[in-house]
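*Asks:* Pasting a structure below so you can have a look.
In my numbering, the protein residues as written are 14 to 286.
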């Protein structure tokens, strides 16, 4: 969740896909410079971090043995500056990026030039992926597009469409249990203040009610159901523990709450139908 200026008010209300897309495109275009300045070193220009806990794909191997990525066709949804896809490129994968924010993709181009590892990327939405059917071996998202989309089932259907049979869809999101707690890394964040089953989106809107940022909540069961309907078989659900010695605070993520409840959920599913 972003920092809310005085003219923007947080509320919980329903928001359409079009309004969610419009709000989040504008928000991320405005926030991209600050985001990359604050978190770029933590993420690494050529690094694959699954969440604020800092767990690296090189260690978790959610997508499998890096030695097996050579030549694989991979798509990152909500790629931002392309750090994760760029790491996969460094391992020999043919990884591509997709992001709604033009400014984030400008940062991706900047890092392409600085590192010499180019991530071909498109500016698009995850609910209408501009690629042909069955072209990817892996589609993944690390805290990317999934939470910002109102229409989750069409998005998962799109992922299934562009994957080859047997392909893998892996994604990390805010652990759904965290939605029942305030977005606070301190003691206030240890309280239960809303229902886990309340799926009403979190919205930051201006004085006239125009959404400026939208985040959508699904339960663990919701994600499993979406995957099943699109022909996926869930292979793993990772709930990474907070690492010893990590004192970094990122929004509502920090060591106090992170040592008690999971902050990130990583789903791994294979397309079987």
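Ideal Cβ positions, reconstructed from N, Cα and C, are used throughout, including at glycine.
Can you check whether the CB of residue 246 is closer than 8 Å to the CB of residue 281?
*Replies:* In the chain shown, the residue the question calls residue 281 occupies position 268. In the chain shown, the residue the question calls residue 246 occupies position 233. No, these two residues do not count as a Cβ contact at 8 Å.
*Asks:* Less than 8 Å between the beta carbons of residue 214 and residue 26, yes or no?
*Replies:* Counting from one through the chain shown, the residue named residue 214 turns up at place 201. Counting from one through the chain shown, the residue named residue 26 turns up at place 13. Yes. Within cutoff.
*Asks:* Cα separation between residue 88 and residue 49?
*Replies:* Position 75 of the chain shown, counted from the start, is the residue given in the question as residue 88. Position 36 of the chain shown, counted from the start, is the residue given in the question as residue 49. Their backbone Cα atoms lie some 21 Å apart in a straight line.
*Asks:* Beta-carbon separation of residue 161 and residue 227 under 8 Å?
*Replies:* Sequence index remark: in the chain shown, residue 161 carries index 148 (1-based). Sequence index remark: in the chain shown, residue 227 carries index 214 (1-based). A contact, by the Cβ cut-off of 8 Å.
*Asks:* To the nearest angstrom, how far is it from the Cα of residue 159 to the Cα of residue 253?
*Replies:* Counted from its first residue, the chain shown places residue 159 at position 146. Counted from its first residue, the chain shown places residue 253 at position 240. Cα to Cα, the separation comes out at about 19 Å.
*Asks:* Just to confirm, are residue 200 and residue 231 a CB contact at a threshold of 8 Å?
*Replies:* Along the chain shown, one-based indexing puts residue 200 at 187. Along the chain shown, one-based indexing puts residue 231 at 218. The answer is no: Cβ separation not under 8 Å.
*Asks:* DSSP state of residue 55, grouped into three classes?
*Replies:* Locating residue 55 in the chain shown gives position 42, where the first residue counts as 1. The answer is helix: DSSP assigns residue 55 an H, G or I state.
*Asks:* Counting along the chain, where does the alpha helix (DSSP H) carrying residue 72 start and finish?
*Replies:* For this step, residue 72 is matched to residue 59 along the chain shown. Note, residue 72: alpha helix (DSSP H), 70-73.
*Asks:* Distance, Cα to Cα, residue 123 vs residue 153?
*Replies:* Mapped onto the chain shown, residue 123 falls at position 110. Mapped onto the chain shown, residue 153 falls at position 140. If I take the Cα positions, the gap works out to 22 Å.
*Asks:* Within the segment 215-255, note down every full alpha helix (DSSP H) run reaching 4 residues or more, in order along the chain.
*Replies:* As far as the segment 215-255 is concerned, its whole alpha helix (DSSP H) runs of at least 4 residues are 233-242.
*Asks:* Kindly provide the ranges of any alpha helix (DSSP H) runs that are 4 or more residues long and lie completely inside the segment 81-132, ordered along the chain.
*Replies:* Those alpha helix (DSSP H) runs which fall completely within the segment 81-132 and span 4+ residues are 96-103, 115-128.
*Asks:* I need the straight-line Cα distance from residue 96 to residue 222, nearest angstrom please.
*Replies:* Translated into positions along the chain shown, residue 96 becomes position 83. Translated into positions along the chain shown, residue 222 becomes position 209. Spanning the two alpha carbons is a distance of roughly 35 Å.
*Asks:* Put residue 180 into one of helix, strand or coil per three-state DSSP.
*Replies:* Here residue 180 refers to the residue found at position 167 of the chain shown. Residue state, collapsed to three classes: strand.
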